[in-house]
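As structure tokens, the structure follows; a few thoughts come after it.
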Amino acid sequence: MSVEGLCQICERNPIDEGCTRCGQLVCSDHYHDTRGWCTECVAEVGDWPEDDQPEPGDHPDGVDEYQF
Ligand SMILES: [Zn+2]
Ligand SMILES: [Zn+2]
């Protein structure tokens with residue numbers, strides 16, 4: 002896939018991906034692979050840990066446990 006132009010955030014690096022949230026075209030430095038978002042969207046939401054790890058103590062799948 003070839004997209005011509007420069008990253009809309011830094012305007013220095015060639016475009017690598019498009020953000021699936023805001024549609025901004027960004028370079029690999031400004032693209033969050035895990036989320037498919039640009040770093041601006043990630044910063045806007047703001048509460049994701051760097052490694053995208055679940056917090057200790059959380060249920061891994063977020064599934065409620067039912068006891069019968
Ligand atoms: Zn960039
Ligand atoms: Zn974005």
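Counting along the sequence shown from 1, when you hit position 58 you're at 59 in the numbering used here, and nothing is skipped either side.
Cβ atoms here follow ideal geometry from the backbone N, Cα and C, with glycine treated the same way.
Model, not experiment: these values are computed from the prediction.
* Grouping DSSP H, G and I as helix and E and B as strand, with all else coil, what is residue 18? -> Counted from its first residue, the sequence shown places residue 18 at position 17. The answer is strand: DSSP assigns residue 18 an E or B state.
* Cut-off 7 Å between Cβ atoms - residues of its own chain near residue 21, not counting five sequence neighbours on either side -> Counted from its first residue, the sequence shown places residue 21 at position 20. 37, 38, listed in sequence order.
* **For residue 42, the first and last residue of its enclosing alpha helix (DSSP H)** => Within the sequence shown, the letter at position 41 stands for residue 42. Segment 40-46, the alpha helix (DSSP H) holding residue 42.
* **Environment of residue 8 [buried if 16+ CB atoms lie within 10 Å]** => As a first step, residue 8 must be located in the sequence shown, where it is residue number 7. Residue environment for residue 8: buried (at least 16 other C-beta atoms within 10 angstroms of its C-beta).
* Provide the residue(s) that pair with residue 72 in DSSP beta bridges, ordered along the chain. => What the structure shows of the chain is the stretch from 2 to 69, and residue 72 is not part of that stretch, so it cannot be assessed.
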